[in-house]
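Enquirer: Just so we're aligned, residue 1 is where the sequence shown starts under our numbering, counting upward by one.
Each residue gets a CB set at the ideal place from its N, CA and C atoms; glycine is no exception.
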Amino acid sequence: MLKDHLQKLQQHDTPLYVYDLELLRQTLAKAQSESSKYGYQVHYAFKANTNAPVLAEVKAHGFGADCVSGNEIKCAIENGFSPDHVVFAGVGKSDAEINFALDKDIFCFNCESLHELAILNELAAAKGKTARIALRINPNVNANTHKYITTGLEENKFGINAWELPEVLGQLKELENLKLTGLHFHIGSQITDLSSFKNLCTRVNEFQEWFLSHNVELEHINVGGGLGVDYYHPDEQLIPDFEAYFSLFNQFLEVKPGQQVHFELGRSLVAQCGTLVSRVLYIKHGKTTNFAILDAGMTELIRPALYQSYHKIENLSSNQPENKYDVVGPICESSDCFGKAVLLPETNRGDLIAIRTAGAYGEVMTSQYNLRDKAQVLYLNQ
Ligand code: LLP
1 MLKDHLQKLQ QHDTPLYVYD LELLRQTLAK AQSESSKYGY QVHYAFKANT NAPVLAEVKA
61 HGFGADCVSG NEIKCAIENG FSPDHVVFAG VGKSDAEINF ALDKDIFCFN CESLHELAIL
121 NELAAAKGKT ARIALRINPN VNANTHKYIT TGLEENKFGI NAWELPEVLG QLKELENLKL
181 TGLHFHIGSQ ITDLSSFKNL CTRVNEFQEW FLSHNVELEH INVGGGLGVD YYHPDEQLIP
241 DFEAYFSLFN QFLEVKPGQQ VHFELGRSLV AQCGTLVSRV LYIKHGKTTN FAILDAGMTE
301 LIRPALYQSY HKIENLSSNQ PENKYDVVGP ICESSDCFGK AVLLPETNRG DLIAIRTAGA
361 YGEVMTSQYN LRDKAQVLYL NQ
């Protein structure tokens, strides 16, 4: 509980990202034990959080790295992840990024278009190398999540569409510096309705049959990430239900003999261990509402402004009777609001406010808009 650390927090400048490394360890251990029941391999999605102490725990629990830029690959290697456990996805890999990944001999490029395959082949040929690739297929499965983080529908820019596959297989015969080793899927993020993953399994099984009928055997199937977390009741589900998640894949995904199954989890591993702590600067009484104006804003946590996402907000300093507040930041944008009509104990200047479930896509998405300073960081239970 963050309240137990109140004295320590009071000594820190804010805005402050606080990470509970003990909760992170427990989360990683559970994900690792549930996935290894079925021999599954998890690559941690670096985009969720790349702080070195977080990565050290991820690595210590035996996860690989799912990267979407050359710098993420560099960061993975610098933090001790072996290149054989690095996968590289993204619709727009630059030549420099591809060359860097080729030089490092990463495990696999997840390729998203016919054009990318041709360029990757050209760059690999120039180095006299063969790149291991997986085809990222757009399975046209609805993830039932926010439209900005839905990726597996035909209207989205991601992946190769089913109708392009015959042409892709034809081209691959000519592309001598590519070795097709797997298929890759990712339907979206913050998925809480597990039936979306069941639908994904059904589609993956169909694609596997199609490839087999064309005499293509695949060494691995990568089903991406996307498992959601409970933003509304973080304390009731600090650790996501990895047991149900992995057992669903075990039940519905048809795995061929000798085939490996890979996952790319980000949010579910790191979201709950992070909290954005902020101080109240001012209380302003509006016509219909009170504003609690914080020293943190959308520059520190953009999710509410960008996806209208809910984060639980708590006042760590006050036990007074409750009142309603619009909790807002200091940035010159009306979207700079963490929550409207939030019930909080009577709130005053100097109170510490916790914005929960901020460990994933929080600090990594900060900006220096308004020339803001970067938030401070504190690790608990290091
Ligand atoms: N694999 C691929 C190919 C992805 O695009 C993503 C996330 C993941 C794995 C990891 O997904 P996760 O397990 O974390 O759901 N900024 C947004 C989330 C963007 C997710 C992008 N892709 C947010 O704050 O909700």
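Can you check whether the CB of Ala118 is closer than 9 Å to the CB of Leu28?
Expert: no
Enquirer: Just reading off the beta strand (DSSP E) that Cys201 is part of, what are its end residues?
Expert: Where Cys201 is concerned, there is no enclosing beta strand (DSSP E), although the alpha helix (DSSP H) it sits in stretches over 195-213.
Enquirer: List the endpoints of the continuous beta strand (DSSP E) containing Lys179.
Expert: 178-184
Enquirer: Between the Cα of Leu306 and the Cα atoms of Ile283, His186, Gly339, which residue gives the shortest distance?
Expert: Gly339
Enquirer: Quick one: grab the DSSP three-state call for Tyr148.
Expert: helix
Enquirer: Keeping to the same chain, check which residues put their C-beta closer than 6 Å to that of Asn144; ignore five residues upstream and five downstream.
Expert: Asp193, Ser196
Enquirer: Look up Asn324 in the DSSP assignment and say whether it is helix, strand or coil.
Expert: Going by the sequence as given, residue 324 is Lys instead of Asn. Assignment of Lys324 by DSSP, reduced to helix, strand and coil, places it in the strand class.
Enquirer: How many whole angstroms separate the CB atoms of Phe109 and Ala125, which I take to be in contact at a CB cut-off of 8 Å?
Expert: No, Phe109 and Ala125 are not in contact; Cβ-Cβ is about 14 Å, not under 8 Å.
Enquirer: Would you mind sorting Arg372 into buried or exposed? The rule is 16 or more other CB atoms within 10 Å of its CB.
Expert: buried
Enquirer: Along the alpha helix (DSSP H) that carries Ala96, what are the first and last residues, could you check?
Expert: 95-104
Enquirer: Tell me the DSSP secondary structure of Gln406 in three-state form.
Expert: The first residue shown for the chain is 1 and the last is 382, placing residue 406 beyond what the model contains.
Enquirer: Tell me the start and end of each unbroken beta strand (DSSP E) in the region 39-82 that is at least 3 residues and wholly inside, in chain order.
Expert: 41-45, 64-67
Enquirer: For the 8 Å Cβ check, are there 3 or more pairs between the region 313-327 and the region 343-362?
Expert: yes
Enquirer: Fully enclosed by the region 248-335, which beta strand (DSSP E) runs are 3 residues long or longer?
Expert: 260-263, 274-285, 290-294, 313-315, 322-328
Enquirer: DSSP on Asn348, reduced to helix/strand/coil?
Expert: coil
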